[in-house]
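The next block holds one structure in the form of structure tokens; read it before the comments.
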Amino acid sequence: MSPTDRIAEFVDAVAAAFADGTLLKLKCGGYHGHEPELKSVEARKVAIKAGERLSFVFRYKTRDITKNLTLDEAAAFLVEGLATNWRSARLETAVFDLQFERQGDKLRLKRTEVAGRDAPPADHDRAKNRPLAATNKPWLHALGLTGKDGAVRNDAQDKFRQINKMVEIFAPLIQALHAENPRILDMGAGKGYLDFALYDYLSSLGQSTEVIGVELRDKLVSDGNANAAASGFSGLRFETGSILDYDASGADAVIALHACDTATDDAIYQGIKAGARLIAVAPCCHKQIRRQMEAGSPDQKLDFLLRHGTFMEKQAEMVTDGLRALILEASGYRTKVFEFVSDAHTPKNNLIVAQKGGGGSRQGALDRIAAVKTLFGIEKHYLEGLLDSGPQD
Ligand SMILES: C[S@@+](CC[C@H](N)C(=O)[O-])C[C@H]1O[C@@H](n2cnc3c(N)ncnc32)[C@H](O)[C@@H]1O
Numbered sequence: 003m004s005p006t007d008r009i010a011e012f013v014d015a016v017a018a019a020f021a022d023g024t025l026l027k028l029k030c031g032g033y034h035g036h037e038p039e040l041k042s043v044e045a046r047k048v049a050i051k052a053g054e055r056l057s058f059v060f061r062y063k064t065r066d067i068t069k070n071l072t073l074d075e076a077a078a079f080l081v082e083g084l085a086t087n088w089r090s091a092r093l094e095t096a097v098f099d100l101q102f103e104r105q106g107d108k109l110r111l112k113r114t115e116v117a118g119r120d121a122p123p124a125d126h127d128r129a130k131n132r133p134l135a136a137t138n139k140p141w142l143h144a145l146g147l148t149g150k151d152g153a154v155r156n157d158a159q160d161k162f163r164q165i166n167k168m169v170e171i172f173a174p175l176i177q178a179l180h181a182e183n184p185r186i187l188d189m190g191a192g193k194g195y196l197d198f199a200l201y202d203y204l205s206s207l208g209q210s211t212e213v214i215g216v217e218l219r220d221k222l223v224s225d226g227n228a229n230a231a232a233s234g235f236s237g238l239r240f241e242t243g244s245i246l247d248y249d250a251s252g253a254d255a256v257i258a259l260h261a262c263d264t265a266t267d268d269a270i271y272q273g274i275k276a277g278a279r280l281i282a283v284a285p286c287c288h289k290q291i292r293r294q295m296e297a298g299s300p301d302q303k304l305d306f307l308l309r310h311g312t313f314m315e316k317q318a319e320m321v322t323d324g325l326r327a328l329i330l331e332a333s334g335y336r337t338k339v340f341e342f343v344s345d346a347h348t349p350k351n352n353l354i355v356a357q358k359g360g361g362g363s364r365q366g367a368l369d370r371i372a373a374v375k376t377l378f379g380i381e382k383h384y385l386e387g388l389l390d391s392g393p394q395d
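First residue of the sequence shown? That's 3 in our numbering, and the numbers climb one at a time after it.
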């Protein structure tokens, strides 16, 4: 059998297991391509609105990136990758494991039959494992996610999946605070999807919380409060106000999801000022740093990127959020940035999670901030300006 046949046999086995519902896990390792921080990739079958996909999680040293690929795209990735970048791959199915190894020109495939493994649950079974399994809740209905029969509406399936995903991410972060009744501030709460979901889920685990949604728009605040009262959620409330003016003292966690432009920085600032042990923000639009990069003198070496509007926009987003993470580190937090929902739902899908303590040296972070600003021709990050007039340690 020729080497390409071995790769083809592996890919055929993946395709067959995908099609007959027995695929449990696919994993590639031994990466030796051009991305220095890429460690491994793992994939499972998922059903999303667009259809059945293989959800690939690319594991980097400090972050994970998820990409949902069609079977054809996954096959193309494996055909190329197993011949070049990945030395090993493993397919686990309900009935056998298939191990692929490449050493120099030698390619090996080893199949091992297994007994007693269950097939992965079908999507409708998997739905039962979501944090918000029961859907006949007044708050879900009031937010327009469920119909009169208590079932999730067809046009709200995506939003419901996103909310479940957010609970999966935020609940363990809140529990890790080990606080009896943590005070959680959601800055720019909007309709409060996250607040209702998190409050409901944590209550169901016996964890009491005080959740406060801070929101500029009065109507959203009164609707949120009416909905919380009707649901009997005595620890959840909404308050009208601007993020920057809110008295955040006593907050254990400060969260802001898609608060506009520098409102994200207002939330980070409030979290740092209050000494919150958890700050988590999903930034939205990024205008402030882009304007400075356009007006300033970035290093000429970056011209090949920054002269194209689309790259400038992407760079400005990454630089804005990279600096936010560094500023949090300089303020005594350790940070992680990762995609918290698939980019199929929203391109604004990065989450910056900062946990107090255990970070690196403040001076080291400050030096890196200064270097980044010089490189990109930035005078000052808006968040730095806020912190200049407030506490930093
Ligand atoms: C895009 S929505 C996101 C809502 C919610 N966090 C979510 O993810 O569903 C942003 C919300 O933040 C509110 N907002 C923006 N700037 C604010 C500020 N400075 N203070 C309070 N609320 C703000 C807006 O009124 C809006 O409801």
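Backbone N, C-alpha and C define an ideal beta-carbon position, used for all residues, glycine too.
Model, not experiment: these values are computed from the prediction.
- Assignment of K63 by DSSP, reduced to helix, strand and coil, places it in the coil class.
- When C-alpha distances from K139 are compared across F235, S244, H36 and E39, the shortest belongs to F235.
- Taking a cut-off of 8 Å on C-beta distances, the stretch 299-310 touches the stretch 371-381, as three or more cross pairs fall below it.
- Secondary structure at E217: strand, using DSSP grouped into helix, strand and coil.
- When DSSP states are grouped into helix, strand and coil, F162 belongs to the helix group.
- Collapsing the DSSP output to three states places E39 in coil.
- Under the three-state reduction of DSSP output, E94 falls in the strand class.
- DSSP places Q209 outside both helix and strand once states are collapsed to three, so it counts as coil.
- Taken through DSSP and simplified to helix, strand or coil, D151 comes out as coil.
- For R104, the pairing in a beta bridge is given by DSSP as L109.
- In terms of Cα proximity to C286, the closest of D267, A297 and V48 is D267.
- At least 8 Å separates the beta-carbon of A367 from that of L325.
- With a beta-carbon spacing of about 7 Å, V16 and L25 fall inside the 8 Å limit used to define contacts.
- In the DSSP assignment, R336 falls within the unbroken beta strand (DSSP E) covering Y335 to E341.
- C287 has its CB no nearer than 7 Å to any heavy atom of ligand 1.
- Annotated three-state conformation of Y33 is strand, per DSSP.
- Comparing alpha carbon positions, the residue from L73, A49, R336 and R119 closest to D160 is A49.
- When secondary structure is reduced to three states using DSSP, R239 falls in the strand class.
- Around the beta-carbon of D220, fewer than 16 other beta-carbon atoms lie within 10 Å, marking it exposed.
- In terms of CA proximity to E94, G23 leads the group P38, A135 and G23.
- For L246, there is no enclosing beta strand (DSSP E), since its DSSP letter is neither H nor E.
- Within 10 angstroms of the beta-carbon of S206 lie fewer than 16 other beta-carbons, which makes it exposed.
- Look at the beta carbons and you see the stretch 285-304 not touching the stretch 198-212: under three pairs across the two are nearer than 8 Å.
- By the Cβ-count criterion, H180 is exposed, with fewer than 16 other Cβ atoms from all chains shown falling within 10 Å of its own Cβ.
- Exclusion of the five residues before and after V59 leaves E44, D66 and T68 as the residues of its chain whose Cβ lies within less than 6 Å of its Cβ.
- With at least 16 other beta carbons inside 10 angstroms of its own, E331 counts as buried.
- Restricting attention to D107, L100, R132 and T148, the CA atom closest to the CA of R113 is found in L100.
- Residue L353 holds the alpha-carbon nearest to the alpha-carbon of I257 among L353, S224, D120 and A77.
- Remark: the shortest separation between the CB of A173 and any heavy atom of ligand 1 does not fall under 7 Å.
- Taking the Cβ of R219 as the reference point, at least one heavy atom of ligand 1 falls within a distance shorter than 7 Å.
- Within the same chain, and ignoring the five residues on either side of G252 in sequence, the residues whose Cβ sits closer than 8 Å to its Cβ are R185 and A276.
- Where D188 is concerned, the enclosing beta strand (DSSP E) starts and stops at R185 to M189.
- For L84 against F12, the beta-carbon gap comes to about 7 Å, under 8 Å, which counts as contact.
- Straight-line spacing of the CA atoms in R119 and A173 works out to 30 Å.
- With distances taken between CA atoms, G362 lies nearest to R336 out of H383, R336 and D390.
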